[in-house]
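Here the structure comes first, spelled out in structure tokens, and everything after it is commentary.
Protein chains in written order, with our numbering: chain P, 1339 to 1872; chain V, 549 to 971.
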């Protein structure tokens, strides 16, 4: 134990203190885990404890925090650190054997903007001193890097059950950190089941704990259309019921809530398949009353509606990307509906070519509204060379796709269903951890085309009652794969079991209903026992 | 300090006028009645999706309301799994939505002892780990949080069985190293510790009742441990009489600290006529008990496991709704001895990941109506209230409470895509 030896004279008390220090260090090691693992970490062997009046100091920072993003993030950090126990201890105790008071956090941000830009610098540098300095130091290029630093800081804080104060052990800490991938996402599905706003906000808050930064909002699908579209107000007649809907302002609120936490919201309207619900309000979008999918390719009205939706989206969804779906298109209703089969003949298109035409025309509309496009992988598999060259291909079907996509010079994001589908509850967390976005790609130029990936929480069996235990902790395992440098990842996932179990218990202490590690997704705990063992 | 009195008036009168008056009116005898009125008011409010304002439909409203039973409880178990403070607070908030008013905190048991006891600081060495614990101030915080919402906190220390974890810090409480339950009846130290615990409890647990457990006592370790079997012989007690002696002595200690006592029903079944006459008997084993308890002039609360155990996930909400605390009792005097009841969320398979989510709600809400609503207003056939309960379940979801679908028993995932109201 560094530092204690210089304070004590005499062998016996030194020995006792050494033993006490060693015992408490073993006890403490259980607590000293950070998830996801930062790029570079070093620490010492002392302690600091947090002042009851822990301050945020920003002298020397270029960032003026015009809308309070940093201040709110700091307040949230303190609130979450104080959530699980009442801090009733007195800070002036001199019997604490080597502790010192940390008065606050000095945050220095070099960029003055608070615009959330995809690909911007998310790095931070965090220094927690030992006795000599009363302030910890957090440096970042942008406020969003600083928010990540606050997350890490919050995981260094622990409640000392004896002294009843918040402490940071193993000081001094020196952490330099930045994400490996710039696109680290979670998909939620509000069409198969409506998710109320508080539930979505809980999910967003939990994402920040693991430094995920993209919420892919799969808003509508076959079963329901819950979002208000001002340009076409009957579309949300496709909602399950009048109250299971999001107003336009509700959607803007979600984007704002996420944005202030450094999370982009990727809106998806899946076309031309997965769109049956659109016809509840506008039946002419259906091929016919008896054949209701995909959207009618022969009708200009279809594309007017898409244009209206994207025009409305451009007012609230400010992420540079839009997701246009394009998966699982069964074109039978086009060829069996006379009006449309005539159109196919007239334009000399096969069903497959009509599918291609639809996707490309939707892409052009999205481009006209300033978006870059993400499409599911069938679009690439079927007509990859015709796609808008800036298309990002979203891999979901299986392995090997990322290789072909990057070989074609296109960007890619990973959600291969055998490893990163959260609704597959028999996929254990180890497989989430081990899924490598680069797969077999060695070429650096092609690696740079892999933006990152997403874990997908499809909603067929997910609603407000079980979403959090199905997402966590398995999404956290993937979050480390997406954040931590490749060389720092464990080759054998079982090696991080203790650290992930600790993180899962931390989530629980924060009121996030993360499931036990043992068993696949959302199992009940098998038996009575310690949180750390389950 | 919060002055929350058991049995005080919880009634309220709520009037929401039509056009003429700009204020709705809520009258109550106590602030806790007013809190119930606010809950009802909150359920009259709806978001108008077109006008995007909060509305109250079907005015004017004239509501006069009061609970049928004064004791409307939920048991949580923090020994089988540690439940962090935010999780307990979420549970407390959800209880207020259904007007439940007693949180029965089964704090310690065989598996772990998570609470700090200042008089005997090594007791919480029986916690699963140093961090899976409640400081004394944490417990006071829970009592305060609940109290400000009109909810009493009933603390339980289950003795002499279900107490293995006590010996982690004080091994002399065990009959022996190899035989660790029940608590050592022959040792005065055992009762000193109980006295210390109850003395500390009296500083933070201000509910007039304390729960002393007394269930499922396997006395084998008393007769097989030489020191204790000698004590039995010396005092001419059988094992059964020693069990009785233990419970009664613990009751006296609790009384000395100003508490009225609740005990699990085995104590009544085995020596009912010896119990402190103000004992409230907690029925859990099955039907028929409430009849015998009230016939003996004792008070009773219901938690019969075949209908009101939430950890029995195959018990559907209809059975929670239909469980009648009075059972077959017609006599009004005896009915008055039935204080109410509790649904029990035992923790063997419950932790922060699935407690609130789906295992408590909505089934506890079905029981909450049985405990609040006048008997004549209850549905004889529970299926008749399906739509209203489904609506309430969706309301819970909208408030961020992860209540499970109605279809299927406890904590099922939704069967298929669909409207919240249909699941």
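Here a beta-carbon is modelled for each residue, glycine too, at the ideal position from N, C-alpha and C.
All figures in this text were calculated on a predicted structure; none of them were measured in a lab.
Taking 8 angstroms as the CB-CB limit, is residue 1311 of chain P close to chain V?
Nothing about residue 1311 of chain P can be reported from this structure: the residues present for chain P run from 1339 to 1872 only.
When you compare only the Cα positions, how much space is there between residue 1665 of chain P and residue 1731 of chain P?
11 angstroms
C-beta neighbour in chain P for residue 746 of chain V, strict 8 angstroms
no
In three-state terms, what does DSSP make of residue 1368 of chain P?
Any answer about residue 1368 of chain P is weak, because its pLDDT of 38 lies below 50 and its placement is not dependable; what the coordinates show is given next. Looking at residue 1368 of chain P - three-state DSSP - the assignment turns out to be coil, as it is neither helix nor strand.
In the region 1632 to 1668 of chain P, which residue ranges form an unbroken alpha helix (DSSP H) of at least 4 residues, counting only runs that do not cross its ends?
1638 to 1654
Which of the three DSSP states is assigned to residue 972 of chain V in this structure?
Outside the shown range of chain V, which is 549 to 971, sits residue 972 of chain V, and nothing can be said about it.
Do residue 1821 of chain P and residue 1549 of chain P come within 8 angstroms of each other at the CB atom, strictly closer than that value?
yes
Decide if the region 1552 to 1566 of chain P is in contact with the region 1375 to 1394 of chain P; the criterion is three or more beta carbon pairs, one per stretch, under 8 angstroms apart.
no
Reference residue 1006 of chain V; option with closest CA among V:903, V:589 and V:692
Because chain V spans 549 through 971 in this model, residue 1006 of chain V falls outside it and cannot be assessed.
Residues in its own chain within less than 7 angstroms of residue 1585 of chain P by CB, not counting five upstream and five downstream?
1566
Residue 1537 of chain P: contacting residues in chain V (beta-carbon distance under 9 angstroms):
945, 946, 948 and 950
For residue 681 of chain V versus residue 1499 of chain P, is the C-beta spacing smaller than 8 angstroms?
yes
Which term fits residue 586 of chain V, buried or exposed, when burial requires 16 or more other beta carbons within 10 angstroms of its beta carbon?
exposed
Residues sharing a beta bridge with residue 1843 of chain P, DSSP:
For residue 1843 of chain P, which the question treats as bridged, DSSP gives no partner whatsoever.
One question on the structure: do residue 1838 of chain P and residue 1767 of chain P come within less than 8 angstroms of each other, judged by their Cβ atoms?
yes
Can you name the residues of chain P whose CB is closer than 8 angstroms to the CB of residue 600 of chain V?
1585 and 1587
Report yes if the C-beta distance between residue 1807 of chain P and residue 901 of chain V is below 8 angstroms; otherwise report no.
yes
I'd like the span of the beta strand (DSSP E) that includes residue 1475 of chain P, first residue to last.
1473 to 1478
Do residue 1750 of chain P and residue 1787 of chain P have their beta-carbon atoms positioned less than 8 angstroms apart in this structure?
yes
Cβ of residue 966 of chain V less than 8 angstroms from any chain P Cβ?
yes
So residue 1503 of chain P is in the beta strand (DSSP E); what residue range does that whole segment cover?
1503 to 1509
For residue 942 of chain V, does the count of other Cβ atoms within 10 angstroms reach 16, so buried, or fall short, so exposed?
buried
Do residue 1522 of chain P and residue 1857 of chain P have their beta-carbon atoms positioned less than 8 angstroms apart in this structure?
no
Taking the runs of the beta strand (DSSP E) that are 3 residues or longer, which of them lie wholly in the region 721 to 763 of chain V?
757 to 759
Contact between the region 1625 to 1632 of chain P and the region 1593 to 1613 of chain P is defined here as three or more beta-carbon pairs at a separation below 8 angstroms; is this criterion met?
yes
Short of 8 angstroms in beta carbon distance, which residues of its chain neighbour residue 1535 of chain P, apart from the five on each side in sequence? Order them along the chain.
1584, 1588, 1591 and 1592
Counting only runs of 3+ residues fully inside the region 1365 to 1425 of chain P, write out the beta strand (DSSP E) ranges in chain order.
1378 to 1380 and 1384 to 1395
DSSP three-state call for residue 1735 of chain P: helix, strand or coil?
coil
Do residue 795 of chain V and residue 848 of chain V have their C-beta atoms closer together than 8 angstroms?
no
Can you tell me where the alpha helix (DSSP H) with residue 573 of chain V in it begins and where it stops?
No alpha helix (DSSP H) holds residue 573 of chain V; the beta strand (DSSP E) holding it covers 573 to 576.
Would you check if the distance between the CB atom of residue 1689 of chain P and the CB atom of residue 1720 of chain P is smaller than 8 angstroms?
no
What is the rounded straight-line gap between the Cα of residue 1378 of chain P and the Cα of residue 1517 of chain P?
11 angstroms
Do residue 1525 of chain P and residue 1843 of chain P have their beta-carbon atoms positioned less than 8 angstroms apart in this structure?
no
Chain P beta carbons: is any one of them nearer than 8 angstroms to that of residue 853 of chain V?
no
Output the boundary residues of the alpha helix (DSSP H) element that contains residue 940 of chain V.
934 to 946
Looking at the strands, I want to know which residues DSSP matches up with residue 850 of chain V.
V:831 and V:889
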